[in-house]
Amino acid sequence: MLAKNQATERPIGLCSVVYKTWLQMRYPLVQSWLQGYEKVAPWDSAVPGVTCLSVSIARVFKCEVAVATGRHRATLYLDLSTFYETLSHAKLIESAKVLDFPASVLNIALQIYRGGRIIDAEGNMGPISFTDRGVIAGCPAAPALSKLALYNPLKTVQETGLCAGLDSWIDDVSIDAEDKDPQRAAQKIVSLYRTVSTELGNAELQISTSKSAFVCTDKQTQARVQQLLREGEPPVLHLVKDLGVDSAGARRRRVATSNARLAKATGRSGKLARLKVPNTKKRAQVAATGVFTAATFGHQGQGISPKRMKVLRAIAGGHYGKMAFGSLDLLFDLSWMGSGDPLCKIILEHWSMLQECVVRNRPASSRIRRTWAVSWQKLARSPHRWKLAAGPIGAMQCYLMDMGFEAPTMDVWNKPGVNINLTWGSPRVGKEVNHAMLADRWERISCQENAAGTAAGIDWTVPRKMLRESSKHPLQHAGLRMLFQGAFRRANNGGDMFCSRCGQNNTLRHVLHDCIRWAEVDIGPDPAWRDLFPQAPECFIVRGLVPKLATQHPQLTQAQLQPRKTGIFTGEFLPVDNVYFGTDASGGPRGEDSRLRVVSWAVVAIQWHPETKPKYTRIGSMTGSLQIGATVNDGESVALDHLAQWTTRSIQVAVDSKIAIKRVHVPSIDIRMPGLWSTPREKRSLLQVTWTKGHLSEEQHGQKFGPAQSWAWAANLEADQVCGAQSQAVFSYAQAIATDNIDRASRATVAGWGKDARTCLHMTRSHERKISNSRCKASYSVRAPAKGKGKSGRPNDEKQHAREVNATRHTTPGFHSLYQEEAPAATSKAKGAPPNHSPVPVESEEEAHEANPNTRGEDLPRTSKERLQAIFAKAKSSPLTPHDRAELAAAEASTPWARRVKLRSEPSRVEPEQHVDMLRPRSQARGELPILHGWRVGAGVPRNVLLSLPKTLGFEWDQDGPSGTLLEFLGKGQDRVAYMSQDMVLKLSQHSQKQELTLAKLLPGIATPLFWMENVMVVLHDDKGGMQNLAMTLLCQQPVVKAVEVMEARGALFSFKFLCHVRCVLTWLWTQKLHLLDLGESNMGMEQASTSEAYPALRFFDLLSWQRQSKPDAKWYGYHTLAQKMCPLHAKWIQGVCSEVTKDAPKAFRRLAAECQGFADRLVQAGVMVDGELSPRQIF
């Protein structure tokens, strides 16, 4: 007896081995009966090939279709109380006679059930007992016998004609009623319940009213059902658990069970992490089976939102070897252990289940199409679409929207560069969706720092080999993982903005290659690799990432793919007697390498005459090649398909691929694999396929298969020779040489930079141990009593020791400043400021000589009443250490180290120091977020919190409202609100604005200057004294003049020239692979100081929507509307020139630049034009 809950226990039977052996020998009788039972009981879902998950998801799918098409649906979920234990043996015998159940199996099974049994409960044995009721859970025949008990009740329900759906899974039964009128739908479902209740009572079965319930898809049906129900009947609920899946009738999104599963998986993940399994691959396997299975079961019902997906991906990264500050996309793309990205796996599983539901409901295809269209429109209008995804269709559409697809119909899914035409039931769609997800991942990777060139994928062949080889060397292994994941603390990735050693920008290139500190460790890999990979992209030069296109065999041309026929396959003469056929496929000279595999196939016909020598004659052949990416088994399948198309009679064929032979006999292989098979089943049945083993001598083949199969050896030998020659004809030996050279260059560079990463990691851990030892020594000091109420003070010797430790933290040689979470210095510095350059002091009216460092590392006053300045101190020169000066004086300029030292000794190219006389909000207590105050607008909490922000905000708050320096409302966008204060524009947003800050730094002559960005707390007050806290980000920007105002004042001619100038800038931005949005009058401005000049400077002041893409379009939303408004006579000409940008950008640039020659200086200053041509400069 196993405990089921506090009230009941579940019996599990341990049957005799003799009985189980006997039943196993006769179980084919039961299987044969089950095949016949499926035809007379279509409601039975517990059949081979169907899981309980697919049954429950299908119910949610039908409810979603009903809700979207305006029909009213009610579902009755029935659960039978102690089902196995209450089955009457007499009723089973009656039903077995009607359904012709195998009598021998039923006879022995009932004797076992009625025999003596001993009950074991928590180790206590009971006396021998007997019963004439129930079947034993654990008996192999019990599930089949349970079908006998439910046959008559469910058959009666189906014959009423009222049910729209009837499903059973052992003792879980669901009955659906559907109608256009909610009253009739409610009457149907209640009538069905009373019918099935009566029939189950006649079968001596009892309904569990606590587990049974009604669920309706709308309020009207639910209210009517509640009116019709009597006391003691199942209740009407909003949410039930149907075979482990949340079901709310698709009325709303309810994920209570999913959240509980995610919490359970998180707990398991923590336990697995605490076990510290030494074998990383075993740990990944346990995580995949024990953690993610528990977290994602049933996700096909309502999908997994991005917020939950982020948690799952983080858990997966932790178990699959992610390092701190590393990239999850790079980790999952490398896939050197684990099951890959949960995002791809979950979306593909969801698509597979949705396709299964659609295929099973083909009679209702028109309603499904309407459901798709209605759901897409509703989700496209909603700002929070995942809150509306209540079924499989809505969840799939949310996935597609997150991936950037446009799919208003269920037959065509489009996004830039991807066009998927759906054939429901074909696995090809899943492959295309997977490829689209991989393309999105590669696009995200290419947008990372120094990763340009990876938009088409990364070749991980060499990195995976090196990781396997280094698995027994932990430190070397960790260095390689660190390099491949980009797990280096640097600017904008957990590190300082400037290098603590040389004062340069702390970029990834600087950390790995350019920093002066590398002279003390290593000068890097041998530069001879440049001869092996002469045109290496940036991603390889900096990070060692090899683009996939650089090592992959080029795509074959149509001429190379065209099949070639000779002999009888050309129709010159008909086959004669003793003609046999053979097929084969080859991967080419480098078939073992998937990057260089070129699959060619061949079909040969031989005439067999063993009495002469030679024993056979080749009388025809067909050869061809498949596009790069195919497998050898695909080539074998294509060869058999061509042979089946050609033949008109039964023929003998020798094949050495067992997979291809299996595919020949699959009935619907032409539907499941349309790219390989096109012949129907009737044509394929003409092929009498014989398996043979290739690459054997005639004697070896005769010993293995016998002399009667000698023709198979000859046919396979000829086919192998023909397809081998075809592969060599289309193979690119030049690409093979280039791939080998790149592999050698990759191994050399990755080994060198992995060693550097290992050095970083080693120095980081050494420094951590030193600091830990210092803290341990300090902890043994005896603390003296403090002067105060119950507070203990630190003795003077401990304070002195702490000061010494802090003083050495920035002077200890090594790389700890790049990787430590905290590195407090003895002196206060601005965060990211170069060494030996103190920040600008802060002027304070109350404390002229005292400043307190805030959490950002800046020296700020204690109160928020004074005016503050944004501090951006930048070094004008980088100091050299004595060692560097000696090396520079002694070394020649031609050595790598001398060049590196000389580069570090030159003054840095930095902009002059900028001071922004701007009030920053400041909290009263140290360490807290800066605070802004204002009156709350409206009651409650709106969906968009930006609607709560008032017209005025202030740094202080008194009884009358905000006080101190005020921020006045300037304008509101989709996700930001702009304020004006002291001639500065301040933008508040709930989201991070870091992207705009980064782009503004990269585009100094195009974007409006940005001064700083900070996390703030906005406190909104109401009349009753309540407060609402909003955590937001604040961006400080220089004000501009809207370009449309200047163009309206100066006329159409100036507007035409200025818009041509803008178009030149946009063309250059397009070459930087920037996808530009919002280019109209709401984002186009001019520098205030230049508006009085003849040719003012362009400034874009909203860059938050700009993104990098591998293939950006040139639609440039908003620009053409502005051109039509300001210069309607020239708008058509501008649009015509702009259409040439994607075809020939330099040509379009020259045409536009010729019309705005007065702005040439502006284009040169912005770095857009060089010598009258489009600048080749790249900013990423």
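Anchor point for the sequence shown: position 402 equals 402 in UniProt numbering, and the numbering is continuous, going up by one each time.
Note that beta-carbon positions come from the ideal geometry of N, C-alpha and C, so glycine has one too.
Counterpart residues of residue i in DSSP-defined beta bridges
i     : result
C216  : A74
H1075 : Q1107
A712  : According to DSSP, A712 bridges with nothing at all.
L1174 : M1169
L1020 : G934, Q1028
Y84   : Y84 pairs with nothing; no bridge assigned.
C1036 : L986, W1012
L687  : I651
R976  : S989
W601  : A585, G624
R744  : Partner(s): none; R744 has no beta bridge.
S963  : E956
For residue i, the nearest candidate out of the options (CA to CA)
i            : options                 : result
residue 1233 : T131, F1149, H72, A141  : For residue 1233 there is no data in the structure shown, the boundaries of the chain being 1 and 1180.
S657         : C723, D584, S146, A602  : D584
L53          : E356, F484, L1053       : E356
H609         : A714, Y1119, L1152      : A714
S1055        : I346, Y1119, Q535, V374 : Y1119
Q226         : N259, P182, W711, V945  : P182
E1014        : L1002, V40, K987        : K987
Y399         : A1148, W351, K704       : W351
D459         : A550, C760, C1138, V412 : A550
L1163        : V1062, F1100, Q1107     : V1062
T749         : I619, E968, Q558, D526  : D526
A389         : R253, H513, S989        : R253
D975         : A1114, G752, S989       : S989
Outcome for residue i when other beta-carbon atoms lying within 10 angstroms are tallied against a minimum of 16
i     : result
T454  : buried
P48   : exposed
L640  : buried
E9    : exposed
L275  : exposed
G326  : buried
H553  : buried
G123  : exposed
A1154 : exposed
D577  : exposed
Q35   : exposed
L1076 : buried
R922  : Unreliable positioning characterises R922 in this predicted model, as indicated by a pLDDT of 45, which lies under 50. The coordinate reading is nonetheless provided below. Buried, because 16 or more other Cβ atoms sit within 10 Å of the Cβ of R922.
I737  : exposed
N279  : exposed
H642  : buried
R775  : The predicted position of R775 is uncertain, since its pLDDT is 37 and thus under 50; a value taken from the coordinates is nonetheless stated next. By the neighbour-count rule (16 or more Cβ atoms within 10 Å), R775 is not buried but exposed.
CB of residue i within 8 Å of CB of residue j, strictly
i     : j     : result
E636  : V655  : yes
T69   : R381  : no
M1086 : A1145 : no
P392  : I57   : yes
L422  : M410  : yes
P962  : H991  : no
M323  : Q485  : yes
T1008 : V1040 : yes
L328  : G321  : no
V977  : Q1037 : no
V1137 : R1151 : yes
A149  : K91   : yes
>> List, from N- to C-terminal side, the beta strand (DSSP E) runs of 3 residues or more that fit wholly inside the region 189-271.
In response: Fully enclosed beta strand (DSSP E) runs of 3 or longer: 213-216, 240-242, 245-247.
>> Extract the residue ranges of the alpha helix (DSSP H) inside the region 612-670, only unbroken runs of 4 or more that lie entirely within it.
In response: With a minimum length of 4 residues, the continuous alpha helix (DSSP H) runs that stay inside the region 612-670 are 632-646, 658-664.
> Which parts of the region 275-315 are runs of the alpha helix (DSSP H), unbroken and 4 residues or longer, counting only runs that do not cross its ends?
Replying inline: For the region 275-315, whole alpha helix (DSSP H) runs of length 4 or above, ordered along the chain, are 280-286, 292-296.
>> Ignoring anything shorter than 4 residues, give me the alpha helix (DSSP H) runs that lie fully in the region 13-76, in order along the chain.
In response: Whole alpha helix (DSSP H) segments, 4+ residues: 17-40, 52-68.
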